[in-house]
Each structure stands twice: as C-alpha cells, then as structure tokens.
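Working notes, beginning with the structure itself.
2 protein chains.
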Amino acid sequence: MNLKEFAARIGLSQTTVSRAMSGYPEVKPETRARVLEAAEKLGYRPNISAQRLATGRAGAIGIVFQGGGRFGPHSSEFMGGLSTRLQKDGIDILVSTVETQDEEEAAYRRLAASKRVDAVIVHTTACTDTRIALLQAQGLPFIVHGRSEAQEPFAFLDIDNFGAIEAATRHLAGLGHRRIALINGDIAHTYARDRDAAYRATLAAHGLALDPALAGHGEFTDETGFRLMQAFLALPSPPTAVIAGSMMSALGAMRAIRIAGLAVGVDVSLIAHDDVFPYLSPDNLVPALTTTHSPIRAAGERIGDMVLRLLQGEAPETLQEIWPVDFIVRGSTGPAPA
Amino acid sequence: MNLKEFAARIGLSQTTVSRAMSGYPEVKPETRARVLEAAEKLGYRPNISAQRLATGRAGAIGIVFQGGGRFGPHSSEFMGGLSTRLQKDGIDILVSTVETQDEEEAAYRRLAASKRVDAVIVHTTACTDTRIALLQAQGLPFIVHGRSEAQEPFAFLDIDNFGAIEAATRHLAGLGHRRIALINGDIAHTYARDRDAAYRATLAAHGLALDPALAGHGEFTDETGFRLMQAFLALPSPPTAVIAGSMMSALGAMRAIRIAGLAVGVDVSLIAHDDVFPYLSPDNLVPALTTTHSPIRAAGERIGDMVLRLLQGEAPETLQEIWPVDFIVRGSTGPAPA
DNA sequence: CTGAAAGCGCTTACAG
DNA sequence: CTGAAAGCGCTTACAG
Numbered sequence: 001m002n003l004k005e006f007a008a009r010i011g012l013s014q015t016t017v018s019r020a021m022s023g024y025p026e027v028k029p030e031t032r033a034r035v036l037e038a039a040e041k042l043g044y045r046p047n048i049s050a051q052r053l054a055t056g057r058a059g060a061i062g063i064v065f066q067g068g069g070r071f072g073p074h075s076s077e078f079m080g081g082l083s084t085r086l087q088k089d090g091i092d093i094l095v096s097t098v099e100t101q102d103e104e105e106a107a108y109r110r111l112a113a114s115k116r117v118d119a120v121i122v123h124t125t126a127c128t129d130t131r132i133a134l135l136q137a138q139g140l141p142f143i144v145h146g147r148s149e150a151q152e153p154f155a156f157l158d159i160d161n162f163g164a165i166e167a168a169t170r171h172l173a174g175l176g177h178r179r180i181a182l183i184n185g186d187i188a189h190t191y192a193r194d195r196d197a198a199y200r201a202t203l204a205a206h207g208l209a210l211d212p213a214l215a216g217h218g219e220f221t222d223e224t225g226f227r228l229m230q231a232f233l234a235l236p237s238p239p240t241a242v243i244a245g246s247m248m249s250a251l252g253a254m255r256a257i258r259i260a261g262l263a264v265g266v267d268v269s270l271i272a273h274d275d276v277f278p279y280l281s282p283d284n285l286v287p288a289l290t291t292t293h294s295p296i297r298a299a300g301e302r303i304g305d306m307v308l309r310l311l312q313g314e315a316p317e318t319l320q321e322i323w324p325v326d327f328i329v330r331g332s333t334g335p336a337p338a
Numbered sequence: 001m002n003l004k005e006f007a008a009r010i011g012l013s014q015t016t017v018s019r020a021m022s023g024y025p026e027v028k029p030e031t032r033a034r035v036l037e038a039a040e041k042l043g044y045r046p047n048i049s050a051q052r053l054a055t056g057r058a059g060a061i062g063i064v065f066q067g068g069g070r071f072g073p074h075s076s077e078f079m080g081g082l083s084t085r086l087q088k089d090g091i092d093i094l095v096s097t098v099e100t101q102d103e104e105e106a107a108y109r110r111l112a113a114s115k116r117v118d119a120v121i122v123h124t125t126a127c128t129d130t131r132i133a134l135l136q137a138q139g140l141p142f143i144v145h146g147r148s149e150a151q152e153p154f155a156f157l158d159i160d161n162f163g164a165i166e167a168a169t170r171h172l173a174g175l176g177h178r179r180i181a182l183i184n185g186d187i188a189h190t191y192a193r194d195r196d197a198a199y200r201a202t203l204a205a206h207g208l209a210l211d212p213a214l215a216g217h218g219e220f221t222d223e224t225g226f227r228l229m230q231a232f233l234a235l236p237s238p239p240t241a242v243i244a245g246s247m248m249s250a251l252g253a254m255r256a257i258r259i260a261g262l263a264v265g266v267d268v269s270l271i272a273h274d275d276v277f278p279y280l281s282p283d284n285l286v287p288a289l290t291t292t293h294s295p296i297r298a299a300g301e302r303i304g305d306m307v308l309r310l311l312q313g314e315a316p317e318t319l320q321e322i323w324p325v326d327f328i329v330r331g332s333t334g335p336a337p338a
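Sequence lines, in order, name chains D and G. The first sequence lines up with residues 1 to 338 when you count with the UniProt record's numbering. The second sequence lines up with residues 1 to 338 when you count with the UniProt record's numbering.
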C-alpha cells in the first residue's frame with residue numbers, strides 16, 4: 001500500500017498523512033493520532049527509497065572494512081555499539097568490504113556520488129591518513145574512530161592510547177621491572193604509534209634503556225602474541241614484564257610464558273589492553289589479567305551519537321573526544337623477580 | 001550532477017545514458033563506451049534512491065542481530081564472507097540490532113513494509129523458528145543460516161552438525177574413552193540440538209551410558225567453557241574427554257584442565273568445533289587442538305551467492321545446502337588414561 | 001490546520 | 001539503435 005491509497009482509504013490528503021507520519025507540528029493532534037493508528041492497523045509504511053529521493057537524505061551511514069582481516073572481534077564489538085545507537089534514530093548501517101587502500105578510496109567516491117549514505121565512519125587510522133582529505137574533498141561527512149593529522153579539523157573519537165600505555169609502563173617500572181617488553185599493533189596506525197611513544201617516554205622517565213628487541217608488533221592475534229613472546233624469552237636477557245596490545249595477543253603471550261615453564265605474575269608480569277570482549281574476560285584468566293580498559297562497544301555507541309549530531313549540522317571541530325583509559329590491577333602483575 | 005545534466009552534457013537522451021550505464025544490450029557499443037568514459041571523467045553516478053524507487057528493488061539485504069551478545073566473533077567472520085561476496089554485485093548489507101524476539105520480528109515487518117531490503121538473512125535458528133513463517137507471510141525473501149522446521153520449504157545453508165559431533169564422539173570412543181563430556185551451545189538452537197543428538201546417538205552406538213552431568217551448555221565464551229569444565233572435573237568420576245562447541249569454550253576448558261594439574265591430550269582429551277577465526281588457530285594452541293572444522297566465513301560467502309540467486313528468481317527449495325564438516329586430529333586427543 | 005501540485009532522479013514501455 | 005514521456009512514492013513550498 002502506498003501513500004496515495006492509504007490517504008484515500010482514511011479520507012485525508014497525502015500531504016496531511018505525510019506530515020502526520022513524519023511528526024511535523026502543523027498537524028492537529030487528533031488527526032495525527034488517527035493517521036498513526038490507521039497506519040499501524042493497515043500496515044502502511046512509507047517507501048524508504050521514495051522518502052530518500054524526496055528528501056535527499058540517505059538515512060544510512062557507511063563503514064568500510066579493508067580486507068576480511070580487519071573485520072575481527074574489535075570490529076564486531078564496535079559495530080554492536082554503533083548499530084544499537086543508530087537504530088534508535090532509524091539510521092541504517094551500510095557495510096562494505098574492500099581489499100586494498102585504492103578500493104577503499106573508490107568505495108568512498110562511490111558512496112558519495114551515489115548518495116548512498118549520509119556519512120561514513122573512518123577507522124583504523126594511519127598517522128597521515130589520505131582518506132580524510134579525500135572525504136573532505138568529496139564533501140561526504142565523516143567521523144574518525146582514532147586520530148590522524150590533517151589540514152582541516154574533523155570529527156573524531158579516540159581513546160587516550162598514550163595515557164594507557166604510560167600508566168601500564170609506569171606501574172611495571174614502579175614494581176621494579178627494568179626489562180619491559182611491548183607487543184604492539186601495526187606501527188603504521190596512529191594508536192600503535194601513540195602506544196609506542198608512551199612506552200618510550202615512560203621508560204626514559206624511569207631511567208630505563210630502550211631495547212629495540214623488546215618492542216615487537218604485529219596483528220592482534222593469539223599467534224602473534226605467542227611468537228613475539230617466545231622471541232622475547234629466547235633473548236640472552238629476557239624481559240620480566242610485557243605489555244600486550246590486546247586480549248588476543250595476551251592469550252598467546254601467556255601460552256608462551258607457561259610453555260617456558262614460567263609463571264605469569266611471578267616470573268613475568270603481563271598487562272593487556274582490554275577492549276572488552278564479552279566472551280573473553282581478563283577476570284577469568286588465571287591469573288586474572290591486569291589491564292588498561294576501554295570498552296570499544298561504548299566507543300561505537302558514542303560515535304553513533306556523534307554522527308547524528310554531525311548530520312544535524314554540528315560543526316566537526318565541536319565533535320572531538322579523547323577518552324581516558326582505566327587501569328585495573330589484577331593478579332598478572334607483581335614485583336620484578338630478584 | 002544528475003542524469004538530466006549529464007545526458008545534456010554529452011548530447012544523448014536520458015534513456016540512452018541510463019541504458020548504457022545499466023548494461024542493457026540495445027545500446028551501440030561505441031555509444032556505451034562513450035557514456036561510460038564520460039561518466040568516469042565527469043564523476044556521474046546514478047542516484048541510488050532514485051534507481052531504487054524506479055526499479056522497486058532495494059539493492060540491499062538485511063541482517064538482524066539480537067542483543068549485542070549475538071554480535072560476536074562468529075558474526076564478524078560470517079559478515080566478512082557475506083559482504084565480500086555481495087560487494088561484487090553491488091548489494092549493500094543493512095545491519096540492525098534489536099534486543100528481543102518481538103523487536104526482531106518487528107524489524108522484519110518494518111524492513112518488508114518499507115522495502116528497505118530485498119531479502120534478509122536469518123541466523124541462529126531455533127528448532128521451531130517463528131521468524132520463518134513470519135517472513136513467508138510477509139513475502140520477504142530470506143535465506144536461513146542453520147536449519148529449522150517449517151511448513152513450507154525455504155532456502156538454507158547449514159553445516160552437518162550431527163556428522164561433526166558424531167565423528168568427534170566416535171573418535172574419542174575409539175580411543176577408549178568411556179566418560180566423554182560435551183560443552184554445547186544454547187539447546188534452544190537447532191545446531192545445539194543436532195550436536196546433542198549426535199553425541200547421544202554415538203555414545204549409545206558404542207555402548208556408552210549417557211551421564212546428564214557430562215552434558216553442559218551455555219554461551220560460547222571462555223568463561224562458560226571454564227566453568228563447565230571445572231564442574232566436570234569436580235565430579236566423583238570426571239570425564240577423560242571433552243568436546244567443546246567453539247574455540248572460545250575450548251580455551252576456557254583448557255584453562256580449567258591445566259589448573260586442575262592435568263595435561264590436555266594426556267589426562268583429558270579435548271576436541272573443539274572450529275569456525276576458523278583468523279586470530280585464534282587450533283594449530284597454535286599447546287597441544288594443538290583436534291577439531292571439527294568448518295569456516296564460517298566460507299558459509300557467509302556462499303549465502304551471499306544464494307541470496308543473489310534467490311533474487312534472480314530461483315526457487316527457495318533449490319537453494320538448500322548442508323555442508324560436511326572436516327575432522328582434523330591434532331595433539332589434544334589421545335588414548336584414554338588406563 | 002489542510003490540500004493540490006510540483007519535484008526529487010531515475011527506469012522502461014512504447015514509438016520510431 | 002535512440003528518444004519523449006509516464007511513472008515509481010514520497011516531501012514540501014505555496015495557497016488557503
């Protein structure tokens with residue numbers, strides 16, 4: 001049933017029905033109530049494509065994932081938060097996957113030109129990220145999850161990666177650890193660079209030398225955590241403490257520590273950054289894992305808020321947030337072995 | 001730039017341009033080439049909403065996740081596969097999240113009435129799943145990931161859960177295990193029921209008694225795996241072998257076994273169902289995990305195929321697949337202890 | 001507070 | 001092989 005039929009059916013003009021359904025103020029309350037009730041009863045819903053064509057709004061936002069590889073546990077938690085928030089305002093999420101950087105940029109051009117979305121979410125930012133300038137040039141509104149450098153101001157939400165790793169490193173230094181290793185993410189990304197910077201700065205602040213052999217990086221997988229930890233432990237002078245970039249890396253690191261016959265929290269202290277996966281809690285590990293803690297789902301919800309405000313016309317430079325990161329001490333960290 | 005402007009710009013009618021861009025055959029090859037080239041150069045893209053309104057097709061398929069909880073690692077791998085496939089045909093994926101069963105059904109009604117999607121993917125099926133009848137009644141095409149009972153035939157893709165757990169149970173029985181436990185998923189779901197049925201049937205076939213205390217179920221999380229395994233090990237006569245429904249549960253089970261001072265693959269054999277998470281491989285665990293193996297990403301890709309075929313008019317009853325599940329023996333299974 | 005009508009940007013049956 | 005024109009189902013400026 002379309003608007004014409006429905007309006008005829010209840011004896012009103014299309015105009016009035018349209019206004020009633022969209023919540024416009026100039027409609028008499030009784031009329032609105034009658035329209036809404038009839039729509040419910042007769043099952044009328046405005047055709048979304050027609051609505052979009054008429055208003056020029058897409059009613060959807062886009063998010064592009066590069067490679068299947070980036071659609072991992074972080075993505076799903078983030079998406080859960082984002083979609084929970086946007087759903088309340090009836091905004092759809094359009095998911096695209098691409099293989100390469102070029103394809104990703106092509107995807108934004110396509111989304112912009114075909115008016116398929118009103119805005120996009122950019123994530124997994126590089127230190128100088130070409131996507132930002134591209135989107136600004138295309139005039140496609142966007143929110144960045146993460147941070148980057150750019151000429152023009154833009155809207156973003158990031159966590160305080162520097163503060164998180166600073167707190168972790170400081171804690172370990174305070175416990176007397178002098179050989180502290182870092183299992184970082186891909187150093188091309190801003191968050192990994194921020195973490196690396198915090199690690200270096202805090203070591204220096206405590207008079208600890210930086211040993212490049214103790215700064216590893218790679219994907220946030222069990223395997224990478226395992227491999228890097230094994231390499232650390234094979235050093236002539238292995239670390240007594242490790243900071244892992246994710247719960248996944250931490251799992252692998254714990255395995256490597258155990259296999260070496262060492263005890264987590266006694267022989268080797270371990271801190272992980274916890275993005276909060278409902279299926280894998282640091283409290284449940286043995287020993288419970290000391291973490292820097294920042295729910296990525298909450299970030300998704302907040303970015304949903306921000307994108308709605310952006311679409312209502314708020315200026316990007318007023319939509320910039322950096323979230324502090326909690327530091328939670330549990331059993332996996334202890335004094336440096338004598 | 002819209003069609004009118006673009007067509008005027010290159011001196012052709014809207015009709016011809018539209019046909020050239022959509023790949024209709026009645027356009028002269030040179031004309032098509034000229035149109036495509038000009039579109040590329042001038043950056044013209046058809047407005048997607050207008051296209052959809054004119055054709056009546058939404059160009060998108062929908063997928064609804066109930067509760068943030070169901071948007072976990074399985075979902076993200078599945079979505080990765082699905083979106084990779086659909087992207088090739090320019091079909092968008094619309095993600096919705098809802099909290100309850102009622103909200104999910106309301107979401108389908110809304111999607112159907114507003115013609116927001118051409119089809120939906122139904123997943124996490126219950127044994128008698130009300131969503132199927134609802135969608136059939138609404139006339140909204142759909143593919144089921146999983147299986148269910150219904151009056152009318154429908155399109156689905158499922159893995160052979162029965163065969164998988166049968167193989168696992170048989171293998172353990174063949175190794176002499178007589179007390180075999182199962183860490184299953186929520187028994188309301190078809191896959192869990194199929195696995196349970198296979199477990200029971202295979203025990204019976206080997207003359208092994210079923211002990212209800214050895215059949216646990218819950219979410220596919222590390223925590224549930226841990227808790228159930230600890231309960232098993234606390235029994236007067238604990239199991240010597242366990243089958244875990246997911247890699248997540250298996251991680252928790254391994255922890256519980258280790259904490260009890262037992263060795264995986266020696267004191268307690270462990271088999272997990274592996275949906276293949278790129279960040280968590282059974283080969284990398286110690287000992288490497290014996291698994292039933294079926295990449296959920298591949299299922300997502302295949303369901304993408306199937307939904308495209310469904311939209312091209314293939315009958316649902318011709319789109320039904322059950323995939324066999326590989327069984328891969330690694331180090332976590334061994335002879336029953338004497 | 002309500003309505004007639006133009007317009008959003010496409011596709012496609014019909015005519016040539 | 002190409003084009004003029006109707007139609008898809010809404011929204012909204014304008015008039016009353």
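Glycine is no exception: its CB is placed at the ideal position from the N, C-alpha and C atoms. In this text, all values refer to a predicted model and were calculated from it rather than measured experimentally.
- Approximately 11 angstroms separates the beta-carbon atoms of I132(D) and V120(D); this is outside 8 angstroms, ruling out the contact.
- For I259(D), the chain G residues whose C-beta falls within less than 7 angstroms of its own C-beta are V286, listed in chain order.
- A Cβ-Cβ contact shorter than 7 angstroms links T292(G) with H273(G).
- A contact between stretches requires three or more CB pairs, one per stretch, nearer than 8 angstroms, and the segment 21 to 34 of chain D fails this requirement with the segment 102 to 121 of chain G.
- Under the three-state reduction of DSSP output, L308(G) falls in the helix class.
- The residue from I159(G), T128(G) and R170(G) with its alpha-carbon nearest to that of A188(G) is T128(G).
- Contact between D118(G) and L311(G) holds: CB atoms are separated by about 6 angstroms, below the 8 angstroms threshold.
- Of all residues in the segment 70 to 98 of chain G, the ones placed with a Cβ closer than 8 angstroms to any Cβ belonging to chain D are F71, G72, P73, S75, S76, E77, M79, G80, G81, S83, T84, Q87, D92, I93, L94, V95, S96, T97 and V98, in chain order.
- R195(G) has its alpha-carbon roughly 42 angstroms from the corresponding atom of I159(D).
- Sequence-distant Cβ neighbours of S148(G) in its own chain, meaning closer than 7 angstroms and more than five residues away, are T125, A126, C127, T128, D129, I132 and T190.
- Given a length threshold of 3 residues, each whole run of the beta strand (DSSP E) inside the segment 106 to 152 of chain D is given here in chain order: 119 to 123 and 142 to 145.
- Among the bridge pairs identified by DSSP, N184(D) is matched with H217(D).
- A straight-line Cα-Cα distance of about 10 angstroms links R227(D) and G216(D).
- Taking G304(D) as reference, the option from M79(D), W323(D) and G265(D) with the minimal CA-CA separation is M79(D).
- A Cβ of chain D is located within less than 7 angstroms of the beta carbon of I48(G).
- At least one C-beta of chain G is nearer than 7 angstroms to the C-beta of Y279(D).
- Note: I48(D) is not bridge-paired with any residue in the DSSP secondary-structure output.
- Two segments are said to touch when three or more pairs of C-beta atoms, one from each, lie closer than 8 angstroms; by this definition the segment 320 to 328 of chain G does not touch the segment 249 to 267 of chain G.
- Excluding the 5 residues flanking it on each side, T240(D) has same chain C-beta neighbours closer than 7 angstroms at H177, R179, V268, S269, A336 and P337, in chain order.
- Selection R116(D), A112(D) and L157(D) evaluated against Q136(D) yields A112(D) as nearest (Cα-Cα).
- Below the 9 angstroms Cβ cutoff, chain D contributes I48 and S49 as neighbours of A58(G), in chain order.
- By the C-beta density criterion, N2(D) is exposed, having fewer than 16 other C-beta atoms within 10 angstroms.
- With at least 16 other beta carbons inside 10 angstroms of its own, V98(D) counts as buried.
- By the Cβ neighbour-count rule, Y24(G) is exposed, with fewer than 16 other Cβ atoms within 10 Å of its own.
- Rounded to the nearest whole angstrom, the C-alpha separation of V307(D) and P278(D) is 25 angstroms.
- The same chain holds no residue with a CB closer than 7 angstroms to that of S49(D) once the five nearest residues on each side in sequence are set aside.
- Beta bridge pairing from DSSP links A244(D) with I183(D) and A272(D).
- Look at F71(D) here: in three-state DSSP terms it is coil, with no helix or strand label.
- Not one beta carbon of chain D lies nearer than 7 angstroms to the beta carbon of S294(G).
- Short of 6 angstroms from the beta carbon of M229(D), and not among the five residues preceding or following it, lie these beta carbons of its own chain, in chain order: A253 and A256.
- Between F232(D) and H74(D), the alpha-carbon positions lie close to 26 angstroms from each other.
- Annotated three-state conformation of V35(G) is helix, per DSSP.
- Per the coordinates, the alpha-carbon of A198(G) lies some 44 angstroms from the alpha-carbon of I328(D).
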